[in-house]
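Respectively, the protein sequence lines represent chains A and B.
If you read the first sequence in this note's numbering, its first letter stands for residue 1, the second for the next number, and so on.
If you read the second sequence in this note's numbering, its first letter stands for residue 200, the second for the next number, and so on.
For every residue, glycine included, the Cβ atom is placed at its ideal position computed from N, Cα and C.
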Amino acid sequence: MDDAELLQNLLGGDESSFTELVRRHHSTLVKVARYYVASAPSAEDVAQDTWIAVMRGIEKFEGRSSFKTWLLRICVNRARTTGVKEHRSIPVDPNESGPSVSAHRFDQGGFWSDPPVPFTDAIDSRLDDTALLSAVRHAIDALGEPQQSVVTLRDVEGLTTQEVAALLELSEANVRVILHRGRARVREIVEEVVKGSRL
Amino acid sequence: MKLLPSPLVCREAVELVSDYLDGTLSRRQRRRLDKHLAQCDACAAYLDQMRATIAASGHVGPDDLPSDVVEGLVNLFRQYRSDD
């Protein structure tokens, strides 16, 4: 069942549809809220408030945007207000000026001295894609902000770069830079896991 | 006369891969990277890893929620319905 159908059932008061929407979207709400607020419990509160706002506002949702976009916008607005109250400054990319692959992997001329191995060759066929998926999940969860929110919205949730920029009030160029660093970091962590799983 | 762009080294090539996959590189940069990738197996492997990482990210699905978080939200839902 897609979100729109669950939403229709929710309008009729169906509890299991509410639970399913929570199951699908709550973890992303918490991650995105974390971009703005000072602590993990505070992000959890914002996500919870978002669901209360959904219950209150569901009859006014006109379906011009997707449910996901609507939900994320409610969450971001609340998180931003909370962040301001907490006097929290929005995190800037910590690795902004650093290379996306650690310098010791290249020789003095800038060519690989420790080259990457394709995952498809490195992952044991018995482990299949499950190993890659769990490594990627682990890697995304280990990202700091703002990379975690940007990678989650763009690559996990499938929003466009423009949508991510509008939602987080960043320039598209900025989103691309953060995304590039975040993806590079995820790749790096996955590479370590994949290398380890060969042993 | 137009100056030919200098060839990329691997350290520079990896910085272009994310934009390359999103189709947001300039034509000139794209040409430079294509040229490099055609000659460099290691950077082609890096591109392959990055493509696999991004594709897998789209399939990880939502995190499993702790049952107390779900219960807490369902209780809120019930409360809201009964106040209505």
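Beta-carbon proximity list for residue i, same chain, < 8 Å, skipping 5 on both sides
i: E86 (chain A); result: V37, A38, S42
i: T28 (chain A); result: L72, T152, L153, V156, E157
i: M249 (chain B); result: V216, S217, L220
i: T161 (chain A); result: R154, E172, V175, R176, L179
i: W112 (chain A); result: R105, F106
i: E203 (chain A); result: No answer is possible for residue 203 (chain A): the residues shown for chain A start at 1 and end at 199.
Per DSSP, cross-strand counterpart(s) of residue i
i: W112 (chain A); result: A:F106
Contacts around residue i, its chain only, beta-carbon distance under 7 Å, and the 5 residues preceding and following it disregarded
i: L207 (chain B); result: R231, L232, H235
i: F276 (chain B); result: none
i: V30 (chain A); result: A43, E44, A47
i: A165 (chain A); result: S171, E172, V175
Residue nearest to residue i in terms of C-alpha spacing, selected from the options
i: Q238 (chain B); options: B:S266, B:C209, B:A254, B:A255; result: B:C209
i: V269 (chain B); options: A:R181, A:E188, A:E44; result: A:E44
i: D218 (chain B); options: A:G12, A:S134, A:E191, A:N174; result: A:N174
i: Q48 (chain A); options: A:K60, A:A33, A:E62; result: A:A33
i: V200 (chain A); options: A:Q108, A:L179, A:E169, A:H180; result: Residue 200 (chain A) falls outside the range modelled here, since chain A spans only 1 to 199, and no answer is possible.
i: D267 (chain B); options: A:R23, A:W70, A:Q108; result: A:R23
i: L246 (chain B); options: A:R187, A:K195, A:Q147; result: A:R187
i: A241 (chain B); options: A:G63, A:F119, A:E62; result: A:F119
i: E62 (chain A); options: A:L11, A:D141, A:Q148; result: A:L11
i: D262 (chain B); options: A:T50, A:L133, A:Q147, A:A184; result: A:L133
Within chain B, partners of residue i - CB distance below 7 Å
i: S100 (chain A); result: V213, E214
i: D45 (chain A); result: Near D45 (chain A) there are no residues of chain B at all, since even the closest Cβ is about 11 Å away, more than 7 Å.
i: V117 (chain A); result: A244
Within chain B, the residues that residue i reaches when beta carbons sit closer than 8 Å
i: V151 (chain A); result: S256
i: I52 (chain A); result: L275, Y279
Own chain, CB closer than 6 Å to residue i, minus 5 neighbours either side, in chain order
i: T82 (chain A); result: V37, V46
i: N9 (chain A); result: S17
i: A79 (chain A); result: A33, Y36, V37, V46
i: L203 (chain A); result: Nothing about residue 203 (chain A) can be reported from this structure: the residues present for chain A run from 1 to 199 only.
Integer Cβ distance of residue i from residue j, believed to fall under 8 Å
i: L143 (chain A); j: G110 (chain A); result: 26 Å between Cβ atoms; not a contact.
i: L264 (chain B); j: H26 (chain A); result: 6 Å
i: E20 (chain A); j: L6 (chain A); result: 6 Å
i: I189 (chain A); j: A131 (chain A); result: Actually they are not in contact, since the Cβ atoms of I189 (chain A) and A131 (chain A) sit about 13 Å apart, beyond 8 Å.
i: E214 (chain B); j: S100 (chain A); result: 6 Å
i: V136 (chain A); j: V259 (chain B); result: 6 Å
i: A53 (chain A); j: I74 (chain A); result: 5 Å
i: K68 (chain A); j: D3 (chain A); result: 7 Å
Residues that residue i contacts on chain B, provided the C-beta gap is smaller than 9 Å
i: F18 (chain A); result: L272, V273, F276
Chain A residues whose Cβ lies nearer than 9 Å to that of residue i
i: D262 (chain B); result: H26, S27, T28, V30, K31, R137, D141
Within chain A, partners of residue i - CB distance below 8 Å
i: D282 (chain B); result: Those within 8 Å of D282 (chain B) in chain A number zero; the least Cβ separation is about 10 Å.
i: D267 (chain B); result: Here the premise fails: no neighbours, minimum Cβ distance about 11 Å.
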